[in-house]
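Position in the sequence shown (from 1) plus 68 gives the number in the numbering used here. Every residue gets a Cβ at the ideal spot worked out from N, C-alpha and C, and that includes glycine. What follows is a set of notes on a single structure, which appears directly below.
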Amino acid sequence: MSLTAGVVAVQGDVAEHAAAIERAAAARGREVTVREIRESGLVPDCDLLAMPGGESTTISRLVHSEGIAPEIRAHVEAGKPLLATCAGLIVASSDPNDDRVEELGLLDVGVERNAFGRQRDSFEAPLAVDGLADDDPYPAVFIRAPAIDNVDGGDAAVLASWDGRPVAVKQGPVVGTAFHPELTPDSRIHGLAFFENEAATVPVLEDAQ
Ligand code: GLN
């Protein structure tokens, strides 16, 4: 059966996430229709969801004012997969460490916004990421990226670290990355979040029969 994917499109790298979802689905012989989410009422029909990078203050304000925030929470509570990247990770966290960001509390982690320093605003790093389809390093693009804090004691598992700080985590159906997996042709992170995520429920091909 064809899947429906949603990309929260109030701001950020929407087209790139849509393309990465399509590549990850095609590599697994799955059909997917990607919808841009700018208003409430669409998320309930989505099998999988991505929340892109951008500016976390803007994204959090708009997902709350548009009534999308409770729908994202319900999506995760139903066990459906969510990939939250960069600013999306900040909004999905339990503690953005910034009063201007209203968190969704979907990952038991705190974050430090813009943690990797001004002189390194943007960089690419070969990351070892747990759970990828093979052992090749992942070419991770960081752009004014947050670092992940306070993982201990919560239910989030660290999938990757850079400079000694966690930069990718997974908690049940939610995968959060500080970097931008939509900006490289390598769709293994989207594959991990949506198709090889044992804690998430995605309709299988047989459901169509
Ligand atoms: N620095 C941005 C923030 O704090 C995130 C940057 C990004 O998503 N590339 O919201």
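### Task
Please work out which residues of its chain come closer than 7 Å, Cβ to Cβ, to valine 100, disregarding the five sequence neighbours upstream and downstream, and give them in chain order.
Ser70, Leu71, Ala73, Ile89, Glu90 and Ala93
### Message
With H, G and I counted as helix, E and B as strand and the rest as coil, what does DSSP make of alanine 261?
### Response
helix
### Message
Can you find the residues in the same chain that come closer than 6 Å, C-beta to C-beta, to phenylalanine 191, ignoring five residues on each side of it along the sequence?
### Response
Phe210
### Message
Between aspartate 204 and chain C, is the shortest Cβ-Cβ distance under 8 Å, so that the two count as touching?
### Response
Within the model displayed, chain C is absent; a lone protein chain is all it includes.
### Query
Of the choices Arg168, Asp113 and Ile127, whose alpha-carbon is the least far from that of alanine 146?
Asp113
### Message
Give me, in chain order, the residues of the same chain whose beta-carbon lies closer than 7 Å to that of histidine 248; leave out the 5 immediate sequence neighbours on both sides.
### Response
Asp81, Gly121, Thr153, Cys154, Val209 and Ile211
### Unbroken beta strand (DSSP E) run spanning glycine 74, endpoints
71-76
### Task
Can you say whether aspartate 167 is buried or exposed, counting buried as having 16 or more other CB atoms within 10 angstroms of its CB?
exposed
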